[in-house]
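These notes are about the structure you will find just below.
In C-alpha cells form, the structure reads like this:
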C-alpha cells in the first residue's frame, strides 16, 4: 500500500500535467478547430493517476478570430500598395481598358506605335523642317540596314546610296524577312524614348570626320547612328577630344582626368568618351560640372546604357549634349560591340588623350584605331612603378603618342596643326 504522502505527490503531479496539456476556458479548449473536455483524473487501485487519451491542444486563437486577423492584414497590405502606386496609375475613365478589359479597370493602355508622319516629325525636328513620305521611306530603309549590320551583315557604300533598293532586297531574302518589321519597331522604340535616327541625308551627319575614315576603309563607316540628346552631332565633333583610359583607374588617374577634361570643356572643346567605369566616367562628370556638353558613344542600344549603373549619367549627358550608338535600340553590350565602339570613338574625335592604360587595356586598341585614322594621340605619364600606366609609357617610348601633362599641351599642338595647315594652303 502506498503511503498517503506518495498519493498526494502523484495527485499534484497529475494536476500540473493536466494544466500544461490543455488551454481551457470553463472546461473547454480549442484544438484543430474542435472543442474537447479536460481529461478526467481517476486513481487506480494503487493510487496512480489514470487518464483517458486526450489530444494535445494548441494555444492558438479560435478559427474565426484567425480568419478575421488574416483578412485585416491582407486588406492593409493591398491598401498600402494602392497608396504607393497611386501617382503612377492612369486616370479612370469609361472605355479606358484594353485587351478586353473593362473600361473602368486600372490598366495601362499599350504605348501606341507612331505612324510614319510622327516619325518624320520626330526625325526632322533637328535635321530639317521639310519632310515627305519619300524621306520616311529612306529613313526606314536606313533602319533596316542598321538592323542588318547589327546581325553582322556587311553593308557596302553602294547600299547606302541606293538605300531603299538595298533594304527592299534584304527584306526579300529568306534570312532577313523580319527586318522591315524589326526596323519599324526600332523606330517606334526610339520615338518613345526621345531618341532619333541620324542618317547621311541629315545635316548633322559628320561627313568631314567619316570621309577620312572612308578613305582608309569603307566597311567600317556606320550606316546610321541612333542618337538621343539636345546637341547636334556635326557641331559637337568639330572640336572633339577623346578622353579615355583604364576602367580600374587609380586616384592619381581620376584626378588627372578630372583636371584635363574640365580644362578642355572650359576652352570650348567637346569631351568625347564611352560610358565605362574609371577614366571615361570621370571625364564626363568633370565636363558636365563646368557645365559643358559631352558626347558619349555606347556599345549597346541607345535605350539600354551599359553599365546599367551609369543610366543616370547617360540621362545627364543627353540633357546637355548627345548620346549616340550605331546599334539599334534594345541591343545588349558585348565584347565585339565594345570594340566597334572604340572604332567609332576614334573616328568621331579630332585627337585622343589616354590617361592610365595597362598592358592590355582597351585604350591601346583605341590608340591603334586613332593611328589608322591619322588622329593625334597624347598619353599622360604616371608613376614608373604603376601597373595602370604601363600602356601610356609604352606609347610614349615607341613614339606612338606625344607626352601630355595638361590640357594646354593638347590645345597647343592642335593650334600648331591648324597654323601648319593654313600655311600649306
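Numbering (the numbering used here), first residue to last: 2 to 426.
From the three backbone atoms N, C-alpha and C, an ideal C-beta is built for every residue, glycine too.
Please classify residue i as buried or exposed, where buried requires at least 16 other C-beta atoms within 10 Å of its C-beta.
i, result
"residue 391", "buried"
"residue 208", "exposed"
"residue 14", "exposed"
"residue 348", "buried"
"residue 364", "buried"
"residue 199", "buried"
"residue 322", "buried"
"residue 183", "buried"
"residue 256", "exposed"
"residue 136", "buried"
"residue 344", "buried"
"residue 295", "buried"
"residue 324", "buried"
"residue 298", "buried"
"residue 180", "buried"
"residue 319", "buried"
"residue 330", "buried"
"residue 362", "buried"
"residue 287", "buried"
"residue 386", "exposed"
"residue 72", "exposed"
"residue 77", "exposed"
"residue 281", "buried"
"residue 69", "exposed"
"residue 187", "buried"
"residue 87", "Below a pLDDT of 50, predicted positions are generally treated as unreliable, and residue 87, at 49, falls in that range; the measurement from the model is reported next regardless. Exposed: under 16 other Cβ atoms inside 10 Å."
"residue 400", "exposed"
"residue 337", "exposed"
"residue 276", "buried"
"residue 341", "buried"
"residue 212", "exposed"
Which partner residues does residue i have in the DSSP bridge list?
i, result
"residue 440", "What the structure shows of the chain is the stretch from 2 to 426, and residue 440 is not part of that stretch, so it cannot be assessed."
"residue 323", "230, 296"
"residue 403", "379"
"residue 199", "226"
"residue 238", "Answer is none; residue 238 lacks a bridge partner."
Take residue i and list the residues in its own chain whose beta-carbon comes closer than 7 Å to its own, dropping the five residues that flank it on each side.
i, result
"residue 373", "217"
"residue 317", "289"
"residue 284", "244, 258, 262, 272, 274"
"residue 214", "221, 222, 348, 374"
"residue 202", "139"
"residue 397", "380, 382, 404"
"residue 195", "229"
"residue 279", "246, 247, 248, 249, 250"
"residue 334", "300, 301, 307"
Is residue i near the ligand FMN - that is, is its Cβ less than 8 Å away from at least one heavy atom of it?
i, result
"residue 183", "The ligand content of the structure shown is nil, which means the ligand FMN is not present either."
So, at 8 Å on beta carbons, what are the nonlocal neighbours of residue i in its own chain, with the 5 sequence-adjacent residues on each side left out?
i, result
"residue 242", "265, 270, 271, 272, 273, 350, 351, 352, 353, 354, 411"
"residue 236", "205"
"residue 1", "Since the displayed the chain opens at 2 and closes at 426, residue 1 lies outside it and no answer follows."
"residue 406", "381, 382"
"residue 54", "Residue confidence for residue 54 is low, a pLDDT of 46 falling below 50, so the modelled location carries little weight and cannot support an answer."
"residue 384", "253, 390"
"residue 291", "263, 266, 267"
"residue 232", "294, 296, 321, 322, 323"
What does a CB cutoff of less than 6 Å around residue i pick up in its chain, not counting 5 residues either side in sequence?
i, result
"residue 238", "207, 210, 349"
"residue 378", "353, 368, 371, 402"
"residue 312", "306"
"residue 389", "247, 251, 357, 359"
"residue 119", "Annotation note: pLDDT 40 at residue 119 (below 50); position unreliable, coordinate value reported separately. Cβ within range, chain order: n/a, list empty."
"residue 303", "196, 227, 229, 326, 330"
"residue 12", "none"
"residue 346", "243, 298"
Check whether the Cβ of residue i lies closer than 9 Å to any Cβ atom in chain C.
i, result
"residue 240", "The structure shown contains no chain C, having only a single protein chain."
Restricting to runs no shorter than 3 residues, where is the beta strand (DSSP E) found entirely within the region 244-318? Annotation note: the region 244-318 contains the following uninterrupted beta strand (DSSP E) runs of length 3 or greater, listed N- to C-terminal: 271-274, 295-298.
Please give me, in chain order, every unbroken run of the beta strand (DSSP E) with length at least 3 that falls completely inside the region 327-373. Within the region 327-373, the complete beta strand (DSSP E) runs of at least 3 residues are 352-356.
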